[in-house]
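Enquirer: Here it is, the structure in full.
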Amino acid sequence: MGASRALLLLLCLVGCFGARAAEPTALPDKVRAASEEWADYSQADGKGMAWDILREVFEPAGVRLETRSVPYTRSIGLVQRGEVDVQVGAYLDESEGVLYPQWHYDVDHIYALGLASKPSPTLATVGNYRLVWMRGYEYDSYLPNIRKFNEIHRAVGILPMLVHDRADFYIDALMEIENVLAKAENPQQFKLSPLINLPLYLGFANTENGRVLRGLFDRRMAELVKNGRLKPIFARWKQPYPFDEHGRPPKP
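Numbering (mature numbering (1 follows the signal peptide of the UniProt record, and there is no 0)), first residue to last: -21 to -1, 1 to 231.
Right under this line is the structure:
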């Protein structure tokens, strides 16, 4: 009789632990997001299109967005160490130790900015020129046959570099290039050449919270793309919608 009771107790304990293991992990009450400060996109004051997208994704599910503005390379380190839950503006699989979702949330429209007097580069020919881009963006991993490039820390000197022939083209997302051109005394001196569209992802921390939030992100993005709830956000910020009729990034 004692042995039967012990066996029954053991089976109950096993069943109890099995039921707990099957329970879904509770959502955290907040998602800590780090991003470089990009004007009208991820500003330090919490305003911008990226922050609006993340709020639409997470906050209806009861997860409050908490934002943090840091340089891009530091945002990678923070998410790798688990000090934040997500890094904003990542390219797929670009950093070790970071989890990436199935869904992108935006697209970087990558352009080359150069003098109007120079030939227009294409994706096939851009590697023949002297290029410059912001430190940490690693466009040499996404553009073919890159031979000569420099990385800079600040956007202040970009236009003088082009004018004084210290570089042929500045490579960046269209929104960032437009911000650079807005400071030009003679914008007609320059021209833009489209190169490639690169989907943008959130990079999630390889932690329990990160894995739970990644799953939530993919579920919510599938819903929001299907019902069109993200379209007004892109329209409000006057940016192109980053999904085609099949939910994929648009072609260049």
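We treat Cβ as the ideally placed atom computed from N, Cα and C, and that holds for glycine.
(1) Quick one: grab the DSSP three-state call for I125.
(2) Helix, strand or coil: which one does DSSP assign to R11?
(3) Between the C-alpha atoms of P123 and L92, what's the straight-line distance to the nearest angstrom?
(4) Going by DSSP, name the residue or residues bridged to G76.
(5) So Y90 and L171 are in contact, right, with Cβ under 8 Å, and what is the actual spacing, rounded?
(6) Within 10 angstroms of its Cβ, does R193 collect 16 or more other Cβ (buried), or is it exposed?
(7) Measure the C-alpha to C-alpha separation of D85 and Y79 and round it to an integer number of angstroms.
(8) Could you tell me the distance, in whole angstroms, from the CA atom of residue 309 to the CA atom of L94?
(9) If you draw a straight line from the C-alpha of G226 to the C-alpha of E130, how long is it?
(10) Assign V135 to buried or exposed, taking buried as 16 or more other Cβ atoms, counted over all protein chains shown, within 10 Å of its Cβ.
(11) Enumerate in chain order the residues of its own chain whose CB-to-CB distance from D151 is below 8 Å, with the five nearest sequence positions on each side excluded.
(12) Residues bridged to K170 by DSSP?
(13) Going by C-alpha to C-alpha distance, which of K97, Y51 and E164 sits closest to A69?
(14) Ignore the nearest five residues each way along the sequence and tell me which others in A(-1)'s own chain have a CB closer than 7 Å to its CB.
(15) Assign A29 to one of two classes, buried (16 or more other C-beta atoms within 10 Å of its C-beta) or exposed (fewer than that).
(16) Does the region 20 to 27 come close enough to the region 55 to 62 that 3 or more CB-CB pairs lie under 8 Å?
(17) Going by DSSP, what residues sit across from L179 in a beta bridge?
(18) Quick one: grab the DSSP three-state call for W30.
(19) Going by DSSP, what residues sit across from L110 in a beta bridge?
Expert: If we stick to the structure as given:
(1) For the purposes of this step, residue 125 is taken as the residue at position 146 of the sequence shown. Three-state result, I125: coil.
(2) Residue 11 sits at position 32 when you count from the first residue of the sequence shown. R11: strand per DSSP, three-state reduction.
(3) Here residue 123 is taken as the residue at index 144 of the sequence shown, counted from 1. Here residue 92 is taken as the residue at index 113 of the sequence shown, counted from 1. Roughly 17 Å between the two C-alpha positions.
(4) By 1-based counting over the sequence shown, the position of residue 76 is 97. Per DSSP, none; premise fails for G76.
(5) The residue given as residue 90 occupies position 111 in the sequence shown. The residue given as residue 171 occupies position 192 in the sequence shown. Yes, they are in contact, since the Cβ atoms of Y90 and L171 sit about 5 Å apart, within 8 Å.
(6) In the sequence shown, counting from the first residue as 1, residue 193 sits at position 214. Answer is buried; the Cβ neighbour count reaches 16.
(7) Locating residue 85 in the sequence shown gives position 106, where the first residue counts as 1. Locating residue 79 in the sequence shown gives position 100, where the first residue counts as 1. Using only the alpha carbons, I get a separation of about 14 Å.
(8) The structure shown has nothing for residue 309, since the chain only spans -21 to 231.
(9) Numbered from its first residue, the sequence shown carries residue 226 at position 247. Numbered from its first residue, the sequence shown carries residue 130 at position 151. Approximately 33 Å, taken between the alpha carbons.
(10) Locating residue 135 in the sequence shown gives position 156, where the first residue counts as 1. Classification of V135: exposed, given that the 10 Å Cβ count is below 16.
(11) Residue 151 sits at position 172 when you count from the first residue of the sequence shown. Once the five neighbours on either side are set aside, the close Cβ partners of D151 are I89, Y90, L92, W112, M113, Y116 and V159.
(12) Residue numbering aside, residue 170 sits at position 191 when the sequence shown is read from its first letter. Per DSSP, G93.
(13) The count along the sequence shown starts at 1 and reaches residue 69 at position 90. Considering only alpha carbons, the answer is Y51.
(14) Position 21 of the sequence shown holds residue -1. Only weak support is given to the placement of A(-1): the predicted model assigns it a pLDDT of 41, under 50, and the question is left unresolved by the model.
(15) Indexing the sequence shown from 1 puts residue 29 at position 50. Buried, since its Cβ has 16 or more Cβ neighbours within 10 Å.
(16) no
(17) Position 200 of the sequence shown, counted from the start, is the residue given in the question as residue 179. The partner list for L179 (beta bridge, DSSP) reads D85.
(18) Here residue 30 is taken as the residue at index 51 of the sequence shown, counted from 1. Here W30 sits in helix by DSSP.
(19) Taking the sequence shown and counting its residues from 1, the one referred to as residue 110 is at position 131. In DSSP, L110 forms a bridge with F128 and F148.
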